[in-house]
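See structure below.
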Amino acid sequence: MDDGGDAELEAWVENQETFEPPAEFVDGANVSDPDIYDAFEENWPDCWERAAELLEWDRRWEAVLDESDAPRYRWFVDGQLNAAYNCIDRHVEAGRKNHAALRWVGKRGETETYTYGDLQRETEAFAAALRELGVGEDDVVTLYLPMIPELPVAMLACARIGAPHSVVFAGFSADALATRMDNADSEYLVTCDGYYRRGDALNHKGKADRAVRRLDHDAETVVVDRLGGGLPHSLSDDQHDYDTLVEDHRNAEVEPVARDSEDDLFVMYTSGTTGEPKAVRHTTGGYLSHVAWTSHAVLDIKPSDTYWCSADIGWITGHSYIVYGPLALGATTVMYEGTPDYPEKDRIWELVERYDVDVFYTAPTAVRAFMKWGTGHPDEHDLSSLRLLGTVGEPINPRAWKWYYDNIGGGDCPVVDTWWQAETGGMMVTTLPAISTMKPGSAGPPLPGIDAKVVDAEGEEVEPGEAGYLVVEKPWPGMLRGLAGEDDRFVPEYWSTYSEPEEGEWVYFAGDGAKLDEDGYITLLGRVDDVISVGDHRIGTMEVESAIVGVEGVAEAAVIGTTGELIAYVSTERESAGDADLRRAIVAGLEDAIGEVAVPDHVVFTPELPKTRSGKIMRRLLEDIATGAELGDISALRNPEIVGELRARLAGETRSYLEPED
Ligand code: WTA
Numbered sequence: 000m001d002d003g004g005d006a007e008l009e010a011w012v013e014n015q016e017t018f019e020p021p022a023e024f025v026d027g028a029n030v031s032d033p034d035i036y037d038a039f040e041e042n043w044p045d046c047w048e049r050a051a052e053l054l055e056w057d058r059r060w061e062a063v064l065d066e067s068d069a070p071r072y073r074w075f076v077d078g079q080l081n082a083a084y085n086c087i088d089r090h091v092e093a094g095r096k097n098h099a100a101l102r103w104v105g106k107r108g109e110t111e112t113y114t115y116g117d118l119q120r121e122t123e124a125f126a127a128a129l130r131e132l133g134v135g136e137d138d139v140v141t142l143y144l145p146m147i148p149e150l151p152v153a154m155l156a157c158a159r160i161g162a163p164h165s166v167v168f169a170g171f172s173a174d175a176l177a178t179r180m181d182n183a184d185s186e187y188l189v190t191c192d193g194y195y196r197r198g199d200a201l202n203h204k205g206k207a208d209r210a211v212r213r214l215d216h217d218a219e220t221v222v223v224d225r226l227g228g229g230l231p232h233s234l235s236d237d238q239h240d241y242d243t244l245v246e247d248h249r250n251a252e253v254e255p256v257a258r259d260s261e262d263d264l265f266v267m268y269t270s271g272t273t274g275e276p277k278a279v280r281h282t283t284g285g286y287l288s289h290v291a292w293t294s295h296a297v298l299d300i301k302p303s304d305t306y307w308c309s310a311d312i313g314w315i316t317g318h319s320y321i322v323y324g325p326l327a328l329g330a331t332t333v334m335y336e337g338t339p340d341y342p343e344k345d346r347i348w349e350l351v352e353r354y355d356v357d358v359f360y361t362a363p364t365a366v367r368a369f370m371k372w373g374t375g376h377p378d379e380h381d382l383s384s385l386r387l388l389g390t391v392g393e394p395i396n397p398r399a400w401k402w403y404y405d406n407i408g409g410g411d412c413p414v415v416d417t418w419w420q421a422e423t424g425g426m427m428v429t430t431l432p433a434i435s436t437m438k439p440g441s442a443g444p445p446l447p448g449i450d451a452k453v454v455d456a457e458g459e460e461v462e463p464g465e466a467g468y469l470v471v472e473k474p475w476p477g478m479l480r481g482l483a484g485e486d487d488r489f490v491p492e493y494w495s496t497y498s499e500p501e502e503g504e505w506v507y508f509a510g511d512g513a514k515l516d517e518d519g520y521i522t523l524l525g526r527v528d529d530v531i532s533v534g535d536h537r538i539g540t541m542e543v544e545s546a547i548v549g550v551e552g553v554a555e556a557a558v559i560g561t562t563g564e565l566i567a568y569v570s571t572e573r574e575s576a577g578d579a580d581l582r583r584a585i586v587a588g589l590e591d592a593i594g595e596v597a598v599p600d601h602v603v604f605t606p607e608l609p610k611t612r613s614g615k616i617m618r619r620l621l622e623d624i625a626t627g628a629e630l631g632d633i634s635a636l637r638n639p640e641i642v643g644e645l646r647a648r649l650a651g652e653t654r655s656y657l658e659p660e661d
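If you read the sequence shown in numbering that gives the first Met the number 0, its first letter stands for residue 0, the second for the next number, and so on.
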């Protein structure tokens, strides 16, 4: 690593230095009064009106919170609003129609800018087209698109007519898409002909077509021409060309539909502990208030800002903090289709300089990659436009934090390490950048109004320094409202661990391990269930393992995640197996069943998996082996001799089979 100051950095990590918000930042910050914590606590739940008031409502709420049917809470009860109106029209009406809403940079360096006026025209035309295809209020529209402008346009067009969207990440397979469309009874699909990956045109429509053929019902499909004829495709009767539809509906007027606060804005599939993904439901009023508020208070976004979140819109981070949060505030949001290392490893910094990006939000795994590539790349660019940095998705280790702070932020941008989940809708635990001391490695205190705690197995709050489980005791506006299609899983999945329903006490179980310090700062320790967070998304080990076991020749599989990497330990049916063909078959099997997102960074073949005497796979041990950590108690292990074997095999493992060009 060439960060030039290794010894200094190590000494710093030892000392656990903390940082205060830079004075200049505090002066201009959206939220800088430390009393906000007390004010929210004393005035809970009415404090949340401050979030809702960032939006424009067609009808004001009657009550802030209705707890009568807990844990099915209702927020901003009987209020009405439209999310697309809040993200677009009201900014146009405020005289900002020529302000850039979206700056898009494509994989081949193409660029496009949509002003708020452009966004209004295009979403209105597409909303009219969707209606003509038959989409009515509350019909779920599935969006299966890569990072192209038509994706946020389609989301907002759906929001305009009150049709919840279900965005399925473009890297998911035909099977995964079909499962999600069936589960949501979604009869409408928006997709594209193809997109580029590592220079090749991938046939995306082929995957979409296969999925639609597998559905239990018919579906109307809209196809965006992403490749401009680069991948000739034909359209059947129930398939429609996006550009033609938009052209045919130019100048159409579509009134934004007034939605009840509790009406669904979208569903988002996310991985859980079982083999099946679950569809988290997010509502119009609570969700939009929560993401607008946290974009304002935590990301400090101002209408004049250019803001860049490097996630994919296919995941919750992109929904909340590329599309809904920043647009609700009237800012310019950057949308980047490419990768950080193409054409060169300074790509991100080149774009930060080009667009004068004020606020940058990314995943720790990206920061670690930047760090590995060295300071030379950011040093080539003028990054002085940056005011605030953020991270999300996994814990950021103090070294990476400090590197980011020094080399990207130039030592004068606060860094917010934000903990939240698809289920929480928006940020929950993080410092407020103009108020709180930053402690690298620790996400921070719960946000004002958020009642997050760390408890032990009995549900008692832990002492500072002790590890426990992260829970949230009071409801919050952005919280999920249920699971579409299988609502009976809602209570068992999230509310059964610590709640005492007979006492009327409901406690949300987040599934994360955490530690608390004497200042109330929360340090996240990773998932405590069989869910792996990799970069900006998460996957369930069960989903991946059952796909691997489905490959001929595989006996058993155990998948773990560490520092953003996915590792699969696979035992084979025959002693000599574990060759290149089997690796390829496993990769292909995963690509079919789930998609490229589930392809492990490493596949380690082993004669057998480490198991307890009762036959359970010892995952902790597999994690310790992968991270090189000291092994915990392995007295329950039936086959301890496997440890040395696994270490040797992991060391010999390369990922060359995945990326032959590397
Ligand atoms: C993890 C992504 C540590 C955590 C927004 C959580 C984090 C899961 C952080 C949710 C953070 C997210 N520090 N861990 N700052 N942020 N996580 O639903 O395990 O894709 O439960 O939402 O990511 O992943 P999801």
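Beta carbons: idealized from backbone N, C-alpha and C, even for Gly.
As the structure is a prediction and not an experimental result, all values here were calculated from the model.
Inset, instruction - Name, in chain order, the residues that DSSP records as bridge partners for V415. - result: In DSSP, V415 forms a bridge with G389.
Legend entry - E644 - containing beta strand (DSSP E), residue span: Here E644 belongs to no beta strand (DSSP E); instead the alpha helix (DSSP H) covers I641 to A650.
Inset, instruction - Kindly indicate which three-state DSSP category V397 falls into: helix, strand or coil? - result: According to the sequence displayed, residue 397 carries Pro and not Val. Correct three-state label for P397: helix.
Legend entry - Beta carbon of P325 nearer than 8 angstroms to that of A365: Against a cut-off of 8 angstroms, the Cβ pair of A365 and P325 comes out as no contact.
Legend entry - Element boundaries [alpha helix (DSSP H), containing A38]: Residues I35 to E41.
Inset, instruction - Check whether the Cβ of H536 lies closer than 7 angstroms to any heavy atom of ligand 1, and answer yes or no. - result: For H536, the distance from the CB to the nearest heavy atom of ligand 1 is below 7 angstroms.
Legend entry - Under 8 angstroms between C-beta atoms of Y195 and K106: Yes, these two residues count as a Cβ contact at 8 angstroms.
Legend entry - Local conformation of W56 per DSSP, three classes: If DSSP states are grouped into helix, strand and coil, W56 belongs with coil.
Legend entry - Top-ranked residue by Cα proximity to A99, from Q119, A82 and Y84: Considering only alpha carbons, the answer is Q119.
Inset, instruction - Tell me whether S532 counts as near ligand 1, meaning its Cβ is closer than 7 angstroms to at least one heavy atom of that ligand. - result: Under cutoff, so the answer is yes.
Legend entry - beta-carbon V596 near ligand 3 non-hydrogen atom, thresh 7 angstroms: Ligands displayed in this structure: ligand 1; ligand 3 is not among them.
Legend entry - Bridge partner(s) assigned by DSSP for C191: Partner(s): V223.
Legend entry - Run of the alpha helix (DSSP H) containing C157, from where it starts to where it stops: That run of the alpha helix (DSSP H) goes E149 to I160.
Inset, instruction - Return the residue from the list T316, E48 and W74 that minimises the CA-CA distance to L298. - result: Of the listed residues, the one whose Cα sits closest to L298 is T316.
Inset, instruction - Say yes only if the C-beta of E492 is nearer than 7 angstroms to one or more non-hydrogen atoms of ligand 1, and no if none qualify. - result: Checking every heavy atom of ligand 1 against the Cβ of E492, none is found closer than 7 angstroms.
Inset, instruction - Specify the secondary structure class of Q15 as computed by DSSP and reduced to three states. - result: Correct three-state label for Q15: coil.
Inset, instruction - Below 8 angstroms on the Cβ atoms is my guess for V333 versus Y306; work out the distance and round it to an integer in Å. - result: Contact flag correct, Cβ pair sits at about 7 angstroms.
Inset, instruction - Can you give me the start and stop residues for the alpha helix (DSSP H) that M370 sits inside? - result: Element bounds for M370: P363 to W372.
Legend entry - Contact set for D174: own chain, Cβ-Cβ below 7 angstroms, skip 5 residues either direction: Cβ within range, chain order: D591 and A592.
Inset, instruction - Have a look at V139 and A483 and give me their C-alpha separation to the nearest angstrom. - result: Roughly 11 angstroms separates the two Cα atoms.
Inset, instruction - May I ask whether a heavy atom of ligand 1 can be found less than 7 angstroms away from the beta carbon of T141? - result: No.
Legend entry - DSSP-derived helix/strand/coil call for L80: Strand.
Legend entry - Buried/exposed call for E572, threshold 16 Cβ in 10 Å: Residue environment analysis places E572 among the exposed positions, since fewer than 16 neighbouring C-beta atoms fall within 10 angstroms of its C-beta.
Inset, instruction - Kindly list the residues whose CB is nearer than 7 angstroms to the CB of L230, restricted to its own chain and excluding five residues on each side of it in sequence; keep chain order. - result: Taken in chain order, the residues that qualify are D192, G193, A200 and N202.
Legend entry - Environment of A10 [buried if 16+ CB atoms lie within 10 Å]: It counts as exposed.
Legend entry - G274 versus S545: straight-line alpha-carbon distance, rounded: Those two C-alpha atoms are separated by around 8 angstroms.
Inset, instruction - Return the bridge partner residues of M437 from the DSSP annotation. - result: For M437, which the question treats as bridged, DSSP gives the partners F18.
Legend entry - Proximity below 8 angstroms, CB of L80 to CB of G284: A contact, by the Cβ cut-off of 8 angstroms.
Legend entry - G389 versus T282 - alpha carbon distance: Rounded to the nearest angstrom, the two C-alpha atoms are 25 angstroms apart.
Legend entry - Between the CA atoms of I449 and W103 - distance to the nearest angstrom: When only Cα atoms are considered, W103 and I449 end up about 34 angstroms apart.
Inset, instruction - Would you check if the distance between the CB atom of P255 and the CB atom of R159 is smaller than 8 angstroms? - result: By the CB criterion at 8 angstroms, P255 and R159 fall inside the cutoff.
Inset, instruction - Return yes when the C-beta of V391 is under 7 angstroms from any heavy atom of ligand 1, and no when it is not. - result: Yes, the Cβ of V391 comes within 7 angstroms of a heavy atom of ligand 1.
Inset, instruction - Quick one: grab the DSSP three-state call for A6. - result: In the three-state reduction of the DSSP assignment, A6 falls in the helix class, which pools H, G and I.
Inset, instruction - Could you give the DSSP three-state label for P491: helix, strand or coil? - result: Looking at P491 - three-state DSSP - the assignment turns out to be helix.
Inset, instruction - Return the bridge partner residues of H536 from the DSSP annotation. - result: Paired residue(s): V533.
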